[in-house]
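Presented below is the structure to which this report refers.
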Amino acid sequence: SQSAVVLVGTAPVQTLEKNSDGTWNVNTPILVNDIGEAKKYFGYSDNWEKYTLCEAMHVFLELNGVGPLVLINVLDPATHRAQNATTKNATPSKGRITLASAEDIILDTITVKTTGSNPQTKVKGTDYVAVYNQNKKQIIISEVTSGSLGTAALTIKYYLATPSAVTAEDVIGASDGNGLNTGIFAIKNVYQECGVIPAFMMAPGWSEIPAVHAAMYQNSRKINTHWDAWMFTD
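Numbers in our numbering are just positions in the sequence shown, counted from 1, shifted up by 2.
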(Lines of atoms letter the chains of each structure in order from A and count residues from 1; the text may use other names and numbers.)
(Lines give C-alpha, C1' and ligand atoms only; values in the text may rest on other atoms or scores of the structure.)
Protein backbone atom coordinates (compact mmCIF):
# COMPACT_ATOMS: atom_id res chain seq x y z
CA SER A 1 0.00 0.00 0.00
CA GLN A 2 1.09 3.55 -0.63
CA SER A 3 2.25 5.61 2.34
CA ALA A 4 1.47 9.25 3.00
CA VAL A 5 2.37 12.26 5.13
CA VAL A 6 -0.39 13.10 7.63
CA LEU A 7 -0.71 16.73 8.71
CA VAL A 8 -2.95 18.11 11.47
CA GLY A 9 -3.75 21.82 11.72
CA THR A 10 -6.06 24.57 10.53
CA ALA A 11 -7.38 25.43 7.07
CA PRO A 12 -9.78 28.16 5.84
CA VAL A 13 -12.71 25.82 5.23
CA GLN A 14 -15.10 28.70 5.96
CA THR A 15 -14.36 30.05 2.46
CA LEU A 16 -16.04 26.96 0.97
CA GLU A 17 -19.64 25.85 0.76
CA LYS A 18 -20.68 23.24 3.30
CA ASN A 19 -20.70 19.58 2.31
CA SER A 20 -23.97 17.88 1.44
CA ASP A 21 -24.33 16.76 5.07
CA GLY A 22 -24.23 20.38 6.27
CA THR A 23 -20.71 20.28 7.69
CA TRP A 24 -17.22 21.31 6.65
CA ASN A 25 -14.22 18.98 6.48
CA VAL A 26 -13.33 18.95 10.18
CA ASN A 27 -11.44 16.16 12.00
CA THR A 28 -11.80 14.00 8.90
CA PRO A 29 -8.66 12.64 7.18
CA ILE A 30 -8.83 13.51 3.47
CA LEU A 31 -6.31 12.35 0.89
CA VAL A 32 -5.06 14.99 -1.57
CA ASN A 33 -2.70 14.34 -4.46
CA ASP A 34 -2.20 17.89 -5.74
CA ILE A 35 -2.80 21.52 -4.81
CA GLY A 36 -6.09 21.60 -6.71
CA GLU A 37 -7.55 18.84 -4.55
CA ALA A 38 -6.22 20.50 -1.39
CA LYS A 39 -7.91 23.80 -2.25
CA LYS A 40 -11.13 22.02 -3.24
CA TYR A 41 -11.54 20.37 0.16
CA PHE A 42 -9.86 22.88 2.49
CA GLY A 43 -9.50 26.25 0.73
CA TYR A 44 -6.21 28.11 0.80
CA SER A 45 -4.63 31.13 2.47
CA ASP A 46 -1.17 32.66 2.40
CA ASN A 47 -1.63 33.61 6.06
CA TRP A 48 0.19 30.51 7.26
CA GLU A 49 0.27 31.56 10.90
CA LYS A 50 -3.54 31.47 11.07
CA TYR A 51 -4.05 28.59 8.67
CA THR A 52 -1.23 26.20 9.43
CA LEU A 53 -2.01 23.49 6.85
CA CYS A 54 -1.64 25.89 3.94
CA GLU A 55 2.14 26.22 4.16
CA ALA A 56 2.41 22.44 3.90
CA MET A 57 0.05 22.45 0.89
CA HIS A 58 2.30 25.01 -0.82
CA VAL A 59 5.67 23.45 0.05
CA PHE A 60 4.79 19.79 -0.50
CA LEU A 61 2.41 20.02 -3.45
CA GLU A 62 3.29 23.23 -5.32
CA LEU A 63 7.02 23.69 -4.75
CA ASN A 64 8.19 20.08 -4.58
CA GLY A 65 5.44 17.90 -6.03
CA VAL A 66 5.59 15.54 -3.03
CA GLY A 67 2.49 13.57 -2.13
CA PRO A 68 0.06 12.26 -1.39
CA LEU A 69 -0.85 14.15 1.76
CA VAL A 70 -3.55 13.36 4.26
CA LEU A 71 -4.87 16.58 5.78
CA ILE A 72 -6.82 16.75 9.04
CA ASN A 73 -8.31 20.19 9.68
CA VAL A 74 -9.44 21.00 13.22
CA LEU A 75 -10.87 24.47 12.60
CA ASP A 76 -14.66 24.19 12.76
CA PRO A 77 -16.53 27.32 11.62
CA ALA A 78 -19.55 26.08 13.56
CA THR A 79 -17.69 26.63 16.84
CA HIS A 80 -14.56 28.65 16.06
CA ARG A 81 -16.46 31.78 15.13
CA ALA A 82 -17.25 35.26 16.41
CA GLN A 83 -20.12 35.41 18.87
CA ASN A 84 -21.78 38.36 17.15
CA ALA A 85 -22.55 38.83 13.48
CA THR A 86 -21.05 41.59 11.34
CA THR A 87 -23.47 43.79 9.43
CA LYS A 88 -22.72 46.01 6.44
CA ASN A 89 -24.85 48.08 4.09
CA ALA A 90 -23.92 47.97 0.42
CA THR A 91 -25.51 48.99 -2.86
CA PRO A 92 -25.31 46.65 -5.86
CA SER A 93 -23.32 47.92 -8.84
CA LYS A 94 -23.99 46.18 -12.14
CA GLY A 95 -25.70 43.39 -10.25
CA ARG A 96 -22.83 42.75 -7.85
CA ILE A 97 -21.64 43.47 -4.34
CA THR A 98 -18.01 42.93 -3.38
CA LEU A 99 -16.92 42.21 0.19
CA ALA A 100 -13.20 42.98 0.55
CA SER A 101 -10.79 41.36 3.05
CA ALA A 102 -13.25 38.47 3.21
CA GLU A 103 -10.94 35.58 4.06
CA ASP A 104 -12.39 35.02 7.53
CA ILE A 105 -16.04 35.40 6.50
CA ILE A 106 -17.97 32.15 6.86
CA LEU A 107 -19.43 31.93 3.37
CA ASP A 108 -22.51 29.94 4.35
CA THR A 109 -23.59 32.47 6.99
CA ILE A 110 -24.12 35.35 4.55
CA THR A 111 -27.65 36.76 4.43
CA VAL A 112 -28.87 39.58 2.21
CA LYS A 113 -31.88 41.76 3.06
CA THR A 114 -33.43 44.93 1.79
CA THR A 115 -33.31 47.96 4.06
CA GLY A 116 -36.22 49.93 5.44
CA SER A 117 -39.06 49.32 7.85
CA ASN A 118 -40.15 46.08 6.18
CA PRO A 119 -36.94 44.32 5.11
CA GLN A 120 -37.23 41.41 2.70
CA THR A 121 -34.73 38.56 2.67
CA LYS A 122 -33.11 37.78 -0.64
CA VAL A 123 -33.00 34.05 -1.41
CA LYS A 124 -29.63 32.46 -2.03
CA GLY A 125 -29.61 30.52 -5.28
CA THR A 126 -32.74 32.30 -6.49
CA ASP A 127 -31.86 35.97 -6.11
CA TYR A 128 -28.09 35.78 -5.68
CA VAL A 129 -25.02 33.59 -5.38
CA ALA A 130 -21.98 34.24 -3.18
CA VAL A 131 -18.53 33.05 -4.24
CA TYR A 132 -15.14 33.50 -2.57
CA ASN A 133 -12.27 34.71 -4.78
CA GLN A 134 -9.16 33.16 -3.26
CA ASN A 135 -6.65 35.31 -5.15
CA LYS A 136 -8.26 38.64 -4.23
CA LYS A 137 -9.63 37.51 -0.85
CA GLN A 138 -13.03 38.86 -1.83
CA ILE A 139 -16.55 37.52 -1.71
CA ILE A 140 -18.62 38.43 -4.76
CA ILE A 141 -22.39 38.49 -4.30
CA SER A 142 -23.94 38.36 -7.77
CA GLU A 143 -27.57 38.50 -8.86
CA VAL A 144 -28.93 35.34 -10.47
CA THR A 145 -31.25 37.13 -12.87
CA SER A 146 -31.07 40.72 -14.04
CA GLY A 147 -32.42 43.00 -11.30
CA SER A 148 -32.85 40.30 -8.65
CA LEU A 149 -30.65 42.24 -6.22
CA GLY A 150 -32.24 45.56 -7.14
CA THR A 151 -30.47 48.92 -7.16
CA ALA A 152 -31.14 50.07 -3.58
CA ALA A 153 -28.91 49.57 -0.55
CA LEU A 154 -28.93 46.10 0.98
CA THR A 155 -27.99 44.83 4.44
CA ILE A 156 -25.35 42.10 4.37
CA LYS A 157 -24.94 40.03 7.52
CA TYR A 158 -22.35 37.32 8.21
CA TYR A 159 -20.18 35.70 10.87
CA LEU A 160 -16.39 35.55 11.00
CA ALA A 161 -14.31 32.46 11.64
CA THR A 162 -11.80 32.86 14.48
CA PRO A 163 -8.72 30.69 13.88
CA SER A 164 -7.22 32.16 17.06
CA ALA A 165 -9.89 30.28 19.01
CA VAL A 166 -8.38 26.93 17.99
CA THR A 167 -6.44 25.52 20.93
CA ALA A 168 -3.80 22.87 21.44
CA GLU A 169 -6.58 20.67 22.84
CA ASP A 170 -8.38 20.90 19.49
CA VAL A 171 -5.23 19.83 17.68
CA ILE A 172 -4.61 16.98 20.11
CA GLY A 173 -8.20 15.79 19.88
CA ALA A 174 -9.44 12.62 21.52
CA SER A 175 -10.72 9.10 20.93
CA ASP A 176 -13.87 7.52 22.31
CA GLY A 177 -12.47 4.03 21.65
CA ASN A 178 -15.29 3.25 19.21
CA GLY A 179 -14.01 4.90 16.06
CA LEU A 180 -14.84 8.53 16.82
CA ASN A 181 -11.42 10.17 16.67
CA THR A 182 -10.54 13.86 16.41
CA GLY A 183 -7.38 15.91 15.96
CA ILE A 184 -4.15 13.92 16.10
CA PHE A 185 -6.13 10.86 17.24
CA ALA A 186 -7.82 10.83 13.83
CA ILE A 187 -4.64 9.27 12.43
CA LYS A 188 -6.35 6.05 13.52
CA ASN A 189 -8.84 6.58 10.67
CA VAL A 190 -6.35 7.33 7.89
CA TYR A 191 -5.94 3.83 6.49
CA GLN A 192 -9.65 3.01 6.61
CA GLU A 193 -10.82 6.27 5.07
CA CYS A 194 -7.94 7.10 2.70
CA GLY A 195 -6.44 3.71 1.83
CA VAL A 196 -2.86 4.78 2.59
CA ILE A 197 -0.46 3.95 5.40
CA PRO A 198 0.17 6.94 7.74
CA ALA A 199 3.98 6.76 7.58
CA PHE A 200 4.83 10.35 8.57
CA MET A 201 3.03 12.84 10.80
CA MET A 202 3.31 16.59 11.34
CA ALA A 203 1.41 19.30 13.19
CA PRO A 204 3.03 22.48 11.80
CA GLY A 205 2.81 25.45 14.12
CA TRP A 206 1.68 23.27 17.02
CA SER A 207 4.17 20.48 17.61
CA GLU A 208 6.52 22.61 19.68
CA ILE A 209 3.86 22.54 22.42
CA PRO A 210 4.84 19.68 24.78
CA ALA A 211 1.29 18.31 25.10
CA VAL A 212 0.87 18.24 21.30
CA HIS A 213 4.26 16.58 20.90
CA ALA A 214 3.28 13.97 23.48
CA ALA A 215 0.01 13.25 21.65
CA MET A 216 1.91 12.85 18.38
CA TYR A 217 4.27 10.38 20.03
CA GLN A 218 1.38 8.47 21.58
CA ASN A 219 -0.38 8.19 18.23
CA SER A 220 2.73 7.39 16.18
CA ARG A 221 3.19 3.94 17.72
CA LYS A 222 1.40 0.83 16.45
CA ILE A 223 -1.24 2.73 14.52
CA ASN A 224 -4.19 0.34 14.09
CA THR A 225 -1.86 -2.18 15.83
CA HIS A 226 0.25 -2.31 12.63
CA TRP A 227 2.42 0.71 11.84
CA ASP A 228 4.81 3.16 13.41
CA ALA A 229 5.03 6.66 11.92
CA TRP A 230 7.96 9.03 11.74
CA MET A 231 7.33 12.35 13.52
CA PHE A 232 8.57 15.67 12.12
CA THR A 233 8.24 18.26 14.87
CA ASP A 234 8.91 21.97 15.32
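Ideal Cβ placement from N, Cα and C applies to all residues, glycine included.
Start-to-end residues for the alpha helix (DSSP H) that takes in residue i
i: Gly-185; result: Counting along the chain, Gly-185 falls outside any alpha helix (DSSP H), and DSSP gives it neither H nor E.
i: Pro-31; result: Element bounds for Pro-31: n/a, residue is neither H nor E.
i: Glu-105; result: Run containing Glu-105: none; DSSP gives neither H nor E here.
i: Glu-246; result: Since the displayed the chain opens at 3 and closes at 236, residue 246 lies outside it and no answer follows.
i: Ala-170; result: 170 to 174
Supposed contact pair residue j and residue i - C-beta distance, whole angstroms, cut 8 angstroms
i: Lys-139; j: Ala-104; result: 6 angstroms
i: Tyr-53; j: Pro-165; result: 6 angstroms
i: Tyr-160; j: Thr-88; result: 6 angstroms
i: Val-146; j: Thr-128; result: 6 angstroms
i: Ala-231; j: Met-203; result: 5 angstroms
i: Asp-236; j: Pro-206; result: 7 angstroms
i: Ile-143; j: Tyr-130; result: 5 angstroms
i: Ala-84; j: Leu-162; result: 4 angstroms
i: Ile-37; j: Leu-55; result: Going by Cβ atoms, the distance from Ile-37 to Leu-55 rounds to 12 angstroms, so no, they are not a contact pair.
i: Pro-31; j: Val-173; result: 14 angstroms between Cβ atoms; not a contact.
i: Ser-209; j: His-215; result: 5 angstroms
i: Pro-121; j: Thr-81; result: Not confirmed; about 29 angstroms, so no contact.
i: Ile-112; j: Pro-79; result: That pair is no contact at about 12 angstroms.
i: Ala-201; j: Ala-6; result: 7 angstroms
Strand pairing of residue i, partner residues [DSSP]
i: Ala-217; result: According to DSSP, which records beta bridges pairwise, Ala-217 is partnered with nothing at all.
i: Gln-85; result: Paired residues: none, contrary to the question.
i: Arg-1; result: Because the chain spans 3 through 236 in this model, residue 1 falls outside it and cannot be assessed.
i: Asp-199; result: The question names Asp, but residue 199 is Ile in the sequence shown. Answer by DSSP bridge pairing, in chain order: Ser-5.
i: Ala-132; result: Ile-143
i: Trp-232; result: Phe-202
i: Ser-177; result: Asn-183
i: Ala-163; result: Arg-83
i: Lys-90; result: Ile-158
i: Thr-123; result: Lys-115
i: Ile-225; result: Trp-229
Limits of the unbroken beta strand (DSSP E) element including residue i
i: Gln-140; result: 140 to 145
i: Tyr-160; result: 156 to 160
i: Thr-113; result: 113 to 116
Minimum Cβ-Cβ distance from residue i to chain E less than 7 angstroms
i: Glu-105; result: Although the question refers to chain E, the structure presented lacks it and comprises just one protein chain.
_With a threshold of 8 angstroms, are at least 3 pairs of Cβ atoms found where one atom belongs to the stretch 66 to 76 and the other to the stretch 6 to 14?_
yes
*Scan the stretch 11 to 75 and note each continuous alpha helix (DSSP H) run of 4 residues or more that stays entirely inside, going in chain order.*
37 to 44, 55 to 58
*Are at least three pairs of beta-carbons, each pair with one atom in the stretch 146 to 153 and one in the stretch 167 to 187, less than 8 angstroms apart?*
Cβ pair count under 8 angstroms is below three, so no.
*Does the stretch 64 to 73 come close enough to the stretch 194 to 211 to have 3 or more Cβ pairs within less than 8 angstroms?*
Touching, yes, given that three or more Cβ pairs across the two stretches are closer than 8 angstroms.
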